[in-house]
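**Student:** Here the sequence shown is numbered in the working numbering, starting from 184 and rising by one per residue.
Ideal Cβ positions, reconstructed from N, Cα and C, are used throughout, including at glycine.
Quantities reported herein were computed from a predicted structural model and do not represent experimental measurements.
Submitted below is the structure of interest, expressed as structure tokens.
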Amino acid sequence: MNHFEYRNGVLHAEGVPLPRIAAEVGTPVYVYSTATLTRHYRVFADAFAATGLDATVCYAVKANSNQAVIATLAQLGAGADVVSEGELRRALAAGVPRGKIVFSGVGKSAAEMAFAIEAGIAQINVESVAELDQLSRVASGMGAEVPIALRVNPDVDAKTHAKISTGKKENKFGIDIDDAPAIFARARDLPGLAPISIAVHIGSQLTDLAPYRAAFGRVADLARALQADGFDIRHLDLGGGLGIPYDAEDPPPPDAYARMVAETVGDLGLPVMLEPGRMIVGNAGVLLARTLYIKQGREKRFAVLDAAMNDLIRPALYDGHHRIQRVREPEADAEPLAYDVVGPVCESGDTFATGRRIAPLAADDLVVFGSAGAYGAVMASTYNSRLLVPEVLVNGDRYAVVRGRQTYDEMIGQDRLADWLRADAPEPSVTDNQETPRRAAGADG
Ligand code: LLP
């Protein structure tokens with residue numbers, strides 16, 4: 184359930200009419216609902232509380248890393264799953280307690296490791312022997328002992344889009360689960376490391392519990408084997424990935440997911456960490472855009488919007504489906520028409536939907552893309568030198584611009600002219616011209 188609904192024929196985000204945001208902030212713009220964020224967090228956390236498991240929800244910041252979104256969740260009690268120093272800084276700045284932050288990811292640099300150790304976060308998830316050795320060097324060099332999880336790859340097919348599937352042997356993620364005992368032993372022997380946890384994450388937008396059940400069962404077996412071997416396993420990190428309904432999908436509800444977790448790992452009596460991203464923020468956001476033109480081609484009818492693939496890349500990258508809805512509620516008898524919904528970017532891939540049936544659109548009509556709260560704004564770019572899209576957070580009848588629209592000066596001002604391209608650059612002097620070949624010759628000789 185979300186809080187984007189028609190009221191008196193106009194789509195609202197909670198108590199705020201979307202045309203008001205379009206008029207005051209401009210389009211395209213992402214709009215998030217505090218009530219939906221809160222509801223999704225609570226439903227998820229309560230589902231685990233009901234199972235009696237000791238569970239920490241470490242929100243996967245990559246799904247939506249706006250400070251206001253992270254702070255909303257942190258104030259409800261969420262921890263954070265981060266995958267870069269930038270995300271770690273964002274989580275800390277938004278008030279997530281360091282003791283509830285885990286650092287995942289397949290390639291952490293030594294500098295990122297040092298930053299995380301300095302910050303004193305709960306756990307670093309290690310994904311290879313090379314990374315383990317590096318972390319040991321960094322931690323012992325700092326005189327620290329860092330709590331780590333080994334992220335295992337259970338070789339389970341998550342049955343999701345290939346680009347967001349992570350738990351098969353051929354994926355770059357994690358350590359083959361059969362190699363885990365030997366690598367735990369190595370971690371125990373290395374200085375600076377406290378191997379205390381197993382982490383797993385098999386993919387994203389999962390709509391079936393069976394792959395989870397298989398993966399978590401394997402993790403539970405590994406935990407038992409490690410405990411028998413004398414390892415002090417203090418908790419399990421079970422990743423994220425629970426899907427949401429974008430279209431006709433029917434993902435399992437959080438309580439079924441939580442019960443499955445209890446059934447697969449509950450008998451170990453260990454606390455668990457969960458890393459949901461999409462499930463918390465996906466349906467808590469929309470991308471609000473304006474129709475620029477209706478273009479009637481020979482064979483197709485195009486709705487050309489002011490939003491493009493650089494603002495929301497999921498359709499281009501994953502064939503992602505996002506519901507497209509008019510902000511002015513269509514008349515009950517309005518006959519939908521088929522549109523190719525496209526943006527202004529100079530690529531055919533800048534297509535949000537093909538042959539999508541929508542109530543008739545005209546130039547200037549506002550539309551929203553549904554379920555755009557996760558992996559929307561965070562994946563935006565300035566491709567085609569389009570300004571980074573702004574973000575708005577609604578709370579009841581109020582809204583705040585939580586990231587302003589970038590300005591052209593900000594965008595262009597990040598570039599620097601090389602000295603020799605400046606209009607005011609001095610002409611190379613005669614001496615320079617004479618010196619250069621001599622120096623070059625000297626260097627060669
Ligand atoms: N934990 C780890 C280690 C992850 O790699 C991810 C997502 C999550 C948690 C959160 O997964 P979620 O609950 O949000 O499914 N850009 C893609 C999704 C990439 C997901 C990457 N990892 C998309 O737009 O579908």
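Measuring CB to CB, does residue 230 end up less than 9 Å from residue 436?
**Tutor:** Taking 9 Å as the Cβ cut-off, residue 230 and residue 436 qualify as a contacting pair.
**Student:** Consult DSSP for residue 284 and reduce its assignment to one of helix, strand or coil.
**Tutor:** DSSP places residue 284 in strand when its eight states are reduced to three.
**Student:** Would you say the stretch 254–274 touches the stretch 486–493, given that touching needs at least three Cβ pairs under 8 Å?
**Tutor:** The stretch 254–274, when compared against the stretch 486–493, does not touch it at the 8 Å Cβ threshold.
**Student:** If you measure from the beta carbon of residue 344 to each beta carbon in chain B, is any gap under 9 Å?
**Tutor:** Here there is only one protein chain, and chain B is not present.
**Student:** For residue 357, I'd like the list of residues in its chain whose CB is within less than 6 Å of its CB, leaving aside the five on either flank, ordered along the chain.
**Tutor:** Excluding residues within five positions, the ones whose Cβ falls inside 6 Å are 310, 334, 335, 336.
**Student:** According to DSSP, simplified to helix, strand and coil, what is residue 268?
**Tutor:** If DSSP states are grouped into helix, strand and coil, residue 268 belongs with the helices.
**Student:** Roughly how many angstroms lie between the CA atoms of residue 346 and residue 609, to the nearest whole one?
**Tutor:** When rounded, the distance between both Cα atoms is 51 Å.
**Student:** For residue 392, which residues in the same chain have their Cβ closer than 8 Å to its Cβ, ignoring the five residues on either side in sequence?
**Tutor:** Excluding sequence neighbours, residue 392 sits near 435, 439, 440, 443.
**Student:** Hey, could you find the ends of the beta strand (DSSP E) residue 314 is sitting in?
**Tutor:** Residue 314 -> not in any beta strand (DSSP E); alpha helix (DSSP H) instead, spanning 312–324.
**Student:** Could you check whether the Cβ of residue 498 sits closer than 8 Å to any heavy atom belonging to the ligand LLP?
**Tutor:** No.
**Student:** Considering only the alpha carbon of each residue, which of 605, 565, 601, 353 lies closest to residue 588?
**Tutor:** Checking every option, the nearest Cα to that of residue 588 belongs to 565.
**Student:** Let me check understanding here. Comparing Cα to Cα, which of 379, 433, 290, 449 lies closest to residue 412?
**Tutor:** When only C-alpha atoms are compared, the closest one is 379.
**Student:** DSSP state of residue 532, grouped into three classes?
**Tutor:** DSSP places residue 532 in coil when its eight states are reduced to three.
**Student:** Quick one: any contact between the stretch 214–230 and the stretch 192–206, if contact means 3 or more CB pairs under 8 Å?
**Tutor:** The answer is yes - the stretch 192–206 touches the stretch 214–230, with three or more Cβ pairs under 8 Å.
**Student:** Answer yes or no: the CB of residue 359 versus the heavy atoms of the ligand LLP, is any distance below 8 Å?
**Tutor:** Result no, Cβ not under 8 Å from the ligand LLP.
**Student:** Specify, as a first and last residue, the run of the beta strand (DSSP E) that residue 605 falls within.
**Tutor:** No beta strand (DSSP E) holds residue 605; DSSP gives it neither H nor E.
**Student:** Given a threshold of 16 other Cβ atoms within 10 Å of its Cβ, counted over all protein chains shown, does residue 595 qualify as buried or as exposed?
**Tutor:** Under this definition residue 595 is an exposed residue.
**Student:** With distance defined between alpha-carbon atoms, name the residue in 422, 317, 403, 539 nearest to residue 375.
**Tutor:** It is 317.
**Student:** With a threshold of 8 Å, establish whether the CB of residue 262 neighbours any heavy atom of the ligand LLP.
**Tutor:** Checking every heavy atom of the ligand LLP against the Cβ of residue 262, none is found closer than 8 Å.
**Student:** Could you give the first and the last residue of the continuous beta strand (DSSP E) run that contains residue 195?
**Tutor:** Note, residue 195: beta strand (DSSP E), 193–196.
**Student:** When the distance is taken between beta carbons, is residue 556 closer than 9 Å to residue 219?
**Tutor:** Yes.
**Student:** With 16 other CB atoms within 10 Å as the buried threshold, where does residue 590 fall?
**Tutor:** Exposed is the call here.
**Student:** Helix, strand or coil for residue 348 per DSSP?
**Tutor:** Looking at residue 348 - three-state DSSP - the assignment turns out to be strand.
**Student:** Is the beta carbon of residue 315 less than 9 Å from the beta carbon of residue 409?
**Tutor:** The answer is no: Cβ separation not under 9 Å.
**Student:** Nearest-angstrom Cα distance between residue 383 and residue 295?
**Tutor:** Each residue's alpha carbon lies about 21 Å from the other.
**Student:** Looking at the unbroken beta strand (DSSP E) that takes in residue 388, where does it start and where does it end?
**Tutor:** Unbroken run through residue 388: none, as it is neither H nor E.
**Student:** Just reading off the alpha helix (DSSP H) that residue 461 is part of, what are its end residues?
**Tutor:** Note, residue 461: alpha helix (DSSP H), 461–464.
**Student:** What do you reckon, is the C-beta of residue 458 under 8 Å from a heavy atom of the ligand LLP?
**Tutor:** For the ligand LLP, at least one heavy atom lies less than 8 Å from the Cβ of residue 458.
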